[in-house]
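These protein sequence lines map, in sequence, to chains A and B. 1 is the number of the first residue of the first sequence in the numbering used here; add one for each residue after it. 347 is the number of the first residue of the second sequence in the numbering used here; add one for each residue after it. First the structure, in the form of structure tokens, and then the observations on it.
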Amino acid sequence: MNDRPASTPPEDRLLLTAAPHLKSPDSTPKIMWNVVGSLVPIMGAAVYFFGPSAIVVLAASTAGALGVEWLFGPKGSLKDGSAAITGILLGLCLPAGFPLWMAFLGGAFGIGFGKLMFGGLGQNPFNPALVGRAFLQAAFPTAITTWPSTEMEWAAWRGANFTLPLQGGEAPDVVTAPTPLGLWKFEGEVTDLWSLMVGNTGGSLGETAGVLILLCGSYLALRNYLNWRIPAGIFLTVFVFSEILYLVDGARFPPPFFMLFSGGLMLGAVYMATDMVTSPVTHLGCWIFAAGIGILVVLIRVWGGLPEGVMYAILFMNAFVPFINRATQPRVFGHGVAKGGKEPKP
Amino acid sequence: MWRKLTFSHGVHPPEHKELTNQVPIRRMPFPDEIVLPVRQHAGRPAKPIVKPGDWVERGDKVAEADGFVSVPIHSSAAGRVVEVGWWPHPDGTMAEAIMIQVEKYSPQIPRPRQIPRWEGLSPQEVVSWVQKGGVVGLGGAAFPTHVKLLPPKEFPIQLLLVNGAECEPYLTTDHRTMVEFPHRVWFGVRIMMKALQVQRAVIGVEKNKPDAIEILSKTRPPDLNAEVIGLTVKYPQGAEKMLIKAVTGREVPSGKLPMHVGVVVQNVGTISCIAEIFETGLPLIERVVTVTGPGVRRPSNLIVPVGTKIRDVLEFCGGLTEDVTEVITGGPMMGGAQPNLDAPVTKGITGIVALTRKEARIRQVYPCIKCGHCLDACPMFLNPSLMGSLAQTARYQEMADRAHLWDCMLCGACSYVCPSNIPLSQMFALAKYQLSRLRKKEQAA
Chain A
1 MNDRPASTPP EDRLLLTAAP HLKSPDSTPK IMWNVVGSLV PIMGAAVYFF GPSAIVVLAA
61 STAGALGVEW LFGPKGSLKD GSAAITGILL GLCLPAGFPL WMAFLGGAFG IGFGKLMFGG
121 LGQNPFNPAL VGRAFLQAAF PTAITTWPST EMEWAAWRGA NFTLPLQGGE APDVVTAPTP
181 LGLWKFEGEV TDLWSLMVGN TGGSLGETAG VLILLCGSYL ALRNYLNWRI PAGIFLTVFV
241 FSEILYLVDG ARFPPPFFML FSGGLMLGAV YMATDMVTSP VTHLGCWIFA AGIGILVVLI
301 RVWGGLPEGV MYAILFMNAF VPFINRATQP RVFGHGVAKG GKEPKP
Chain B
347 MWRKLTFSHG VHPPEHKELT NQVPIRRMPF PDEIVLPVRQ HAGRPAKPIV KPGDWVERGD
407 KVAEADGFVS VPIHSSAAGR VVEVGWWPHP DGTMAEAIMI QVEKYSPQIP RPRQIPRWEG
467 LSPQEVVSWV QKGGVVGLGG AAFPTHVKLL PPKEFPIQLL LVNGAECEPY LTTDHRTMVE
527 FPHRVWFGVR IMMKALQVQR AVIGVEKNKP DAIEILSKTR PPDLNAEVIG LTVKYPQGAE
587 KMLIKAVTGR EVPSGKLPMH VGVVVQNVGT ISCIAEIFET GLPLIERVVT VTGPGVRRPS
647 NLIVPVGTKI RDVLEFCGGL TEDVTEVITG GPMMGGAQPN LDAPVTKGIT GIVALTRKEA
707 RIRQVYPCIK CGHCLDACPM FLNPSLMGSL AQTARYQEMA DRAHLWDCML CGACSYVCPS
767 NIPLSQMFAL AKYQLSRLRK KEQAA
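Here it is, written out as structure tokens:
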């Protein structure tokens with residue numbers, strides 16, 4: 001019957017698992033490392049605009065995040081890549097001249113109190129990078145709002161990167177530049193759109209290159225590693241809300257495109273709000289979540305005391321995610337159908 | 347209104363049907379021994395009516411139906427009964443079975459038998475022939491077919507829906523049946539329509555089988571009010587409720603049956619098996635099985651005598667490769683892994699799939715990252731993420747009360763997409779089992 005004797009089926013080597021036996025090629029580490037990979041161009045832009053300072057600040061915040069995950073996290077959890085994302089994202093929303101020890105502390109706080117305290121990956125209610133950033137904002141309000149100008153010599157340090165804790169050290173000669181949002185809020189000046197989109201403005205490391213962030217986010221969205229509904233919803237809400245305000249009083253309120261491309265909105269909408277763990281699981285929930293963030297961002301920027309509101313808007317909406325999830329459960333198949341199996345009218 | 351012929355959600359696992367979808371069905375030679383478990387169908391197991399030493403011809407009844415939701419079992423080969431005892435069952439347990447030593451030199455010709463003349467039969471008589479023939483659903487669930495053909499009076503049936511979707515990856519059993527025996531399929535549809543007294547029939551076929559759709563459309567008898575419909579390729583398109591949704595747009599209410607929306611669903615294989623009864627008079631003693639997967643040396647579509655050991659079938663197909671890790675009966679999404687290859691092919695086994703390390707291995711489980719992919723996959727619109735977290739702490743009752751556990755049909759779409767490799771569907775199966783055990787205990791107490 002056969003050209004070779006049929007092998008005796010090797011039962012001792014057979015697996016015995018429950019169905020289904022097939023598995024899609026996606027895995028949690030693969031998603032996480034893809035996010036890290038998509039952040040590389042943004043980090044590149046940060047280095048291009050802010051020189052060596054960008055490298056050391058990103059390294060410090062990432063080291064803080066990875067260190068705490070390694071010390072207190074479950075064994076082998078560094079490999080899933082989620083701590084690396086937290087560290088890099090935190091670094092990207094810090095100014096270039098930020099003291100390294102503070103960046104390190106921020107990363108450590110974000111992972112320690114933002115994630116591990118709740119039980120590690122998947123359990124945290126708030127985005128750990130933003131928890132770290134909120135902590136830094138509260139602890140070091142001056143350092144975190146000192147933005148160097150992009151018009152310095154590339155190789156120059158952009159601030160007191162190497163000050164030590166409790167050391168009052170004089171900052172080196174740094175040309176500081178206000179962020180577009182600060183300019184608008186406190187001086188009533190609107191930066192031109194082209195600079196905003198390319199990233200040639202003052203601001204935190206990764207917040208300035210709006211177009212690049214959109215491109216990197218599209219890659220993730222295409223691979224379904226990011227729910228496109230969240231950034232789309234945020235942009236839409238911010239645009240519509242600020243357009244209405246702009247139409248009401250164009251002198252008092254900024255134009256909508258300025259709102260979209262200034263500050264941390266791009267980075268926040270594409271990378272922070274879409275964090276899978278802290279965003280809703282249902283599609284409708286994602287739209288609600290995004291709309292909430294969009295409205296809060298405009299409210300804080302226009303009427304709040306701070307020039308920037310993306311961080312607090314996202315953290316605030318994070319808190320509502322469990323409620324949004326519960327309220328937006330889809331109708332289970334076959335429930336509430338009329339006699340004869342007709343779908344119920346919504 | 348223009349409507350895509352499918353349901354919402356679902357997944358797209360790689361199909362791998364190319365291994366066998368052009369391989370003609372062959373007949374497998376009779377093995378040395380056949381093993382016929384008395385429980386090959388949902389419902390009450392059959393009662394053996396033979397004892398060791400008895401001689402049986404091919405097609406003889408060896409066990410009779412025990413009650414209404416039960417069917418008889420027939421010998422698939424001529425030979426001598428050697429034992430009525432315990433034997434590994436493909437569901438992983440030990441079960442009562444009839445072992446028959448196959449007579450090597452028998453021509454294996456069935457006894458002369460009565461071939462029913464279907465034109466003169468009343469619907470009830472047709473149904474009784476179906477039960478006498480031991481017919482069960484050949485799509486995998488193995489539910490006795492005659493039960494479905496006798497819906498209560500208060501549920502008038504308007505549509506006979508023939509399931510040729512075959513959405514499980516790898517399997518090509520129904521596909522080859524439709525391509526090679528289109529006339530038999532249409533003959534079966536005619537008999538079914540008579541038995542159910544319905545005016546309309548639809549054969550739903552996934553669009554990845556264009557040759558089947560074409561040949562069925564060509565051979566359709568002009569006097570039959572029936573049509574062939576191409577369906578979107580998506581898993582689980584062949585699930586009863588999903589198929590009804592795709593073809594009619596109706597949703598079977600939770601906890602109800604297809605007859606509640608006026609539909610009876612029958613698998614293509616079942617239909618052709620019923621046609622065979624009315625063509626040859628032979629009961630269900632053999633079936634088409636796809637033997638496939640990267641772990642099989644010669645993937646084939648075979649007509650296998652019911653009761654042939656899985657090991658014999660695999661050896662006929664050249665045996666397993668060295669790197670095989672898992673042998674599955676049924677499709678890889680819902681089928682069961684085999685611990686013991688001596689278990690026989692039963693009536694409900696659609697295929698034997700051998701997977702290698704590339705497809706089937708133990709994967710590390712990560713924490714749930716609430717990505718929501720399982721919600722997008724679930725064809726029943728459940729929340730597998732929530733159910734999974736409840737299952738991990740064994741809150742089974744809560745799963746049933748809050749998360750609609752009983753609407754889950756264990757299609758495995760959620761486990762398939764989960765990036766954290768959480769065995770969601772597997773945990774739901776366990777939860778259902780534990781809950782029904784608890785219920786039984788309470789009833790006994």
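In this text, a Cβ means the ideal position worked out from N, Cα and C, and glycines have one as well. Here the structure is a predicted model, which is why all the values come from computation and not from measurement.
The ligand GDP heavy atom lying under 6 Å from the CB of residue i
{"i": "Val614(B)", "result": "Because no ligand of any kind appears in the structure shown, any question about the ligand GDP cannot be addressed here."}
Proximity test, Cβ basis, 7 Å: residue i and chain A
{"i": "Gly718(B)", "result": "yes"}
{"i": "Ala683(B)", "result": "yes"}
{"i": "Phe533(B)", "result": "no"}
{"i": "Thr739(B)", "result": "no"}
{"i": "Tyr762(B)", "result": "yes"}
{"i": "Gln772(B)", "result": "yes"}
Coarse secondary structure for residue i, derived from DSSP in three states
{"i": "Val302(A)", "result": "helix"}
{"i": "Thr518(B)", "result": "coil"}
{"i": "Val609(B)", "result": "strand"}
{"i": "Ser7(A)", "result": "Because the pLDDT of Ser7(A) is 49, which lies under 50, any placement of that residue in the model is unreliable, and the number read from its coordinates should be weighed accordingly. Three-state result, Ser7(A): coil."}
{"i": "Gly123(A)", "result": "This sequence places Gln at residue 123(A); Gly is not what is there. Three-state result, Gln123(A): coil."}
{"i": "Ala441(B)", "result": "strand"}
{"i": "Glu189(A)", "result": "coil"}
{"i": "Glu379(B)", "result": "strand"}
{"i": "Glu403(B)", "result": "coil"}
{"i": "Arg785(B)", "result": "helix"}
{"i": "Val396(B)", "result": "coil"}
{"i": "Ser735(B)", "result": "helix"}
{"i": "Leu16(A)", "result": "coil"}
{"i": "Val321(A)", "result": "helix"}
{"i": "Pro330(A)", "result": "coil"}
8 Å CB neighbourhood of residue i in its chain, flanking five on each side removed
{"i": "Ser113(A)", "result": "Residue 113(A) is actually Phe in this sequence, not Ser. Closer than 8 Å at the Cβ level, and outside the excluded window around Phe113(A), lie Val131, Phe135."}
{"i": "Pro280(A)", "result": "Cys286, Ile288, Phe289, Val321, Ile324, Asn325, Thr328"}
{"i": "Trp432(B)", "result": "Met440, Ala441, Glu442, Ala443"}
{"i": "Asp437(B)", "result": "Gly682"}
Contacts around residue i, its chain only, beta-carbon distance under 6 Å, and the 5 residues preceding and following it disregarded
{"i": "Thr696(B)", "result": "Gly486, Leu517, Thr519, Gly676"}
{"i": "Asn34(A)", "result": "Tyr225"}
{"i": "Leu121(A)", "result": "Ser82"}
{"i": "Ala54(A)", "result": "Ala46, Val47, Ala96, Leu205"}
7 Å Cβ cutoff, residue i in contact with chain B
{"i": "Pro20(A)", "result": "yes"}
{"i": "Leu94(A)", "result": "no"}
{"i": "Thr17(A)", "result": "yes"}
{"i": "Ile234(A)", "result": "no"}
{"i": "Gly334(A)", "result": "yes"}
{"i": "Val277(A)", "result": "yes"}
{"i": "Thr28(A)", "result": "yes"}
{"i": "Pro256(A)", "result": "no"}
{"i": "Ser24(A)", "result": "yes"}
{"i": "Leu284(A)", "result": "no"}
Residue-level contact to chain C via CB, residue i, 7 Å cutoff
{"i": "Tyr581(B)", "result": "Here chain C cannot be found, since the structure's protein chains are A and B."}
Neighbourhood of residue i by C-beta distance below 7 Å, restricted to the same chain and skipping five residues each side
{"i": "Val598(B)", "result": "Lys587, Ile590, Pro604, His606, Val607"}
{"i": "His750(B)", "result": "Leu728"}
{"i": "Met102(A)", "result": "Leu136, Phe140, Ala143"}
{"i": "His283(A)", "result": "Arg229"}
{"i": "Ala409(B)", "result": "Val384, Ala392, Lys393, Pro394, Ile395, Pro418, Ile419, Ile444"}
Per DSSP, cross-strand counterpart(s) of residue i
{"i": "Gln386(B)", "result": "Gln386(B) is not bridged to any residue."}
{"i": "Gln460(B)", "result": "In DSSP, Gln460(B) forms no bridge with anything."}
{"i": "Tyr581(B)", "result": "Val357(B)"}
{"i": "Gln447(B)", "result": "Glu379(B), Arg426(B)"}
{"i": "Gly697(B)", "result": "Thr636(B)"}
{"i": "Lys655(B)", "result": "Pro690(B)"}
{"i": "Gly682(B)", "result": "Thr675(B)"}
Should the region 262-277 of chain A be called in touch with the region 87-96 of chain A, which here means at least 3 C-beta pairs below 8 Å? Short answer: they touch.
Between the region 711-722 of chain B and the region 739-749 of chain B, can you find at least three pairs of beta-carbon atoms closer than 8 Å? Contact between the region 739-749 of chain B and the region 711-722 of chain B is absent, with fewer than three C-beta pairs closer than 8 Å.
Check whether the region 233-242 of chain A and the region 33-43 of chain A are in contact - that is, three or more C-beta pairs closer than 8 Å. No, the region 233-242 of chain A is not in contact with the region 33-43 of chain A.
Is the number of C-beta pairs between the region 441-460 of chain B and the region 374-385 of chain B that are closer than 8 Å three or more? For the pair of segments examined, the region 441-460 of chain B was found to touch the region 374-385 of chain B: the number of CB pairs separated by less than 8 Å reaches three.
Can we say the region 720-738 of chain B touches the region 766-780 of chain B, given the rule of at least three CB pairs closer than 8 Å? Because the criterion of three Cβ pairs below 8 Å is met, the region 720-738 of chain B and the region 766-780 of chain B touch.
Does the region 494-502 of chain B touch the region 677-686 of chain B, meaning 3 or more C-beta pairs lie closer than 8 Å? Output reads no: the region 494-502 of chain B does not touch the region 677-686 of chain B.
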